[in-house]
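Have a look at the structure below, then the notes.
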Amino acid sequence: MSLVISSSPSLSLSLSKIRPFCTVHHGENEERDILRERMTRDEYQTVSMEEGNEDLFLTQGLLSKDNQDNALQNISSSHLEKHIPFNNGASFSQTFLNLINVVSGVGVLSMPYAVAQGGWLSLVIFLLVGLLCYYTGILIQRCMRAHPSIHSYPDIGRYAFGPTGQNIIATFMYIELYLVAISFLILEGDNLDKLFPGSKVEFYSVTLEGKKLFILLAAFIILPTTWLRDLAVLAYVSAIGLVASVVLTGSLVWACIADAGIQQTKGDMLNLQGLPTALGLYFVCFTGHAVFPTIYSSMRNKNQFSKVLFISTILCTLNYGLTAVLGYLIYGNEVQSQVTLNLPSDKIYTKIAIYTTLINPLAKYALLIAPITSAIEERISVIVKSSTSLVIRTLILLSTVVLASSIPFFGYLMSFIGSFLSVMATVLFPCVCYLKIYGSFRAVSAELVAILFILIIGVLVAVMGTYTSLQQIIGSL
Numbered sequence: 252m253s254l255v256i257s258s259s260p261s262l263s264l265s266l267s268k269i270r271p272f273c274t275v276h277h278g279e280n281e282e283r284d285i286l287r288e289r290m291t292r293d294e295y296q297t298v299s300m301e302e303g304n305e306d307l308f309l310t311q312g313l314l315s316k317d318n319q320d321n322a323l324q325n326i327s328s329s330h331l332e333k334h335i336p337f338n339n340g341a342s343f344s345q346t347f348l349n350l351i352n353v354v355s356g357v358g359v360l361s362m363p364y365a366v367a368q369g370g371w372l373s374l375v376i377f378l379l380v381g382l383l384c385y386y387t388g389i390l391i392q393r394c395m396r397a398h399p400s401i402h403s404y405p406d407i408g409r410y411a412f413g414p415t416g417q418n419i420i421a422t423f424m425y426i427e428l429y430l431v432a433i434s435f436l437i438l439e440g441d442n443l444d445k446l447f448p449g450s451k452v453e454f455y456s457v458t459l460e461g462k463k464l465f466i467l468l469a470a471f472i473i474l475p476t477t478w479l480r481d482l483a484v485l486a487y488v489s490a491i492g493l494v495a496s497v498v499l500t501g502s503l504v505w506a507c508i509a510d511a512g513i514q515q516t517k518g519d520m521l522n523l524q525g526l527p528t529a530l531g532l533y534f535v536c537f538t539g540h541a542v543f544p545t546i547y548s549s550m551r552n553k554n555q556f557s558k559v560l561f562i563s564t565i566l567c568t569l570n571y572g573l574t575a576v577l578g579y580l581i582y583g584n585e586v587q588s589q590v591t592l593n594l595p596s597d598k599i600y601t602k603i604a605i606y607t608t609l610i611n612p613l614a615k616y617a618l619l620i621a622p623i624t625s626a627i628e629e630r631i632s633v634i635v636k637s638s639t640s641l642v643i644r645t646l647i648l649l650s651t652v653v654l655a656s657s658i659p660f661f662g663y664l665m666s667f668i669g670s671f672l673s674v675m676a677t678v679l680f681p682c683v684c685y686l687k688i689y690g691s692f693r694a695v696s697a698e699l700v701a702i703l704f705i706l707i708i709g710v711l712v713a714v715m716g717t718y719t720s721l722q723q724i725i726g727s728l
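Once you know that position 56 of the sequence shown is 307 in my numbering, the rest is easy, because the numbers rise by one and skip nothing.
Right, dumping it as structure tokens:
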């Protein structure tokens, strides 16, 4: 006799569609825990178990916890032979590319500027920030293991603090994504203005020139990509972010060897006044924790996440550090918030670096605002109405254009994102959620002391960095 458990006729399972199974033997308790874990996932895979001549097929993701327990109790342990299907999830190398692409972002452009703000000794703090962010990434991995229903960062907040925790984390995520989208437009405007200085367009009595012209032009190019619902193609294109980081570092090496050389000035060893700005920019370099749960969930072998994260962090740290040292050695305290703006306009390596850098935001912009647009559409229930969806996505893009034109301070904006939003996502939220989920605060331990120390650092960086960056933005308006 065959039993098919399904929540609706549309989700009924055809036996002909069952994928090949791999037989795995475990102890009784472990078998039940693993089965329950797979049954609570939202992937609607099938677990097949044989008891004598009877087959029981359970469609996972369809049963409540109580029904799962009842179903499991009806299975005799003595005849339990579990066949668990394995996902064709991301391999080690694919996960590595995904992680390094997430971590390697536009923050690399500001690394020389960050050293100029904080001084050479701030690079020691940069290394500590990298180590700290790696550890909090491991905390996120542990939070993901707490329950199989956790698939995203807001899910961690929900599991730890209920709907309130979920809403708080989601809100910070959306704000961070929105501001990074604005910084992308500023990046496009600054670099295109460097490539084509003095450009101007007159339309009736309206004149657009310089950075504002190129911000609007970039928005027109980006606009069609925001209308797409299936962003799979853009996800592949956005992998050029890794290439862009390597190309930028190569361009600086080229500039150092071929033309610019090294500045005679040694630079500042430590600049306490600019240290909060430098710290904010350093945290931007390692932000990406909001995406870690998604990458973790997509892995074929989730036990390898810590190893992939470690390798990705090391390589990104080396690339960031090399870019910072070269940029500061070449341009000294004259380095700008985007090191590409210091490169001579007439050189081939400058054009290569800028064009490669510009492609990255064009490809990633739609991916950044996709969660925001989806949340708004779900909120006002316009998923089916494509015309209304297009209007919403267009208005979001226009709002970022207006703000990018009004606050064209890339370095200050990135510092604010790093000091306030990135510190929240990479330091405070992982530590607080981990302590709440596992109750580590109930007993004094070395781990508890370390986490509390990290929390104190995070709060200090958030307060000082946010105050400094906001003061700089307001003072430059």
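Quick reminder that beta carbons are idealized off the backbone N, C-alpha and C, glycines included.
Query, Result
"As assigned by DSSP and simplified to three states, the class of F556", "helix"
"Beta-ladder partner(s) of V457, from DSSP", "F454"
"Proximity below 8 Å, CB of A701 to CB of I473", "no"
"Cα-Cα separation between L459 and P612, rounded to whole angstroms", "22 Å"
"Residues of its chain near Y364, where Cβ-Cβ distance is below 6 Å and the 5 sequence neighbours each way are ignored", "V586, S588 and G662"
"Secondary structure of A341, DSSP reduced to three states", "strand"
"Assigned exposure category for G449 - 16 Cβ within 10 Å defines buried", "exposed"
"C-alpha gap between T719 and L619, whole angstroms", "26 Å"
"When L703, V695 and L664 are compared against I433, the one with the closest alpha-carbon", "L664"
"Coil, strand or helix - M550 by DSSP", "strand"
"C-beta atoms of M520 and G370 nearer than 8 Å", "yes"
"When C567, I623 and V542 are compared against A495, the one with the closest alpha-carbon", "C567"
"Coarse secondary structure for L331, derived from DSSP in three states", "Residue confidence is low: L331 scores 32 on pLDDT, short of 50, so the model does not pin down where it sits. Its coordinate-derived value is still stated next. Three-state DSSP puts L331 in coil, outside helix and strand."
"Boundaries (first-last residue) of the alpha helix (DSSP H) holding M424", "Y404 to L446"
"Beta-carbon proximity list for P622, same chain, < 8 Å, skipping 5 on both sides", "M424, Y425 and L428"
"Cβ neighbours of S259 in the same chain (closer than 7 Å, five flanking residues each side left out)", "Because the pLDDT at S259 is just 35, under 50, the model does not fix this residue reliably, and the value given afterwards should be weighed accordingly. Here the set comprises nothing."
"Anticipated Cβ contact below 8 Å, Y582 with N593, distance rounded", "5 Å"
"Inter-residue spacing [alpha-carbon to alpha-carbon] between S548 and L493", "22 Å"
"Any non-hydrogen atom of the ligand MN within 7 Å of K615 CB", "The ligand MN is not among the ligands present in this structure, which contains no ligands whatsoever."
"K602 - DSSP class collapsed to helix/strand/coil", "helix"
"Inter-residue spacing [alpha-carbon to alpha-carbon] between L577 and G413", "47 Å"
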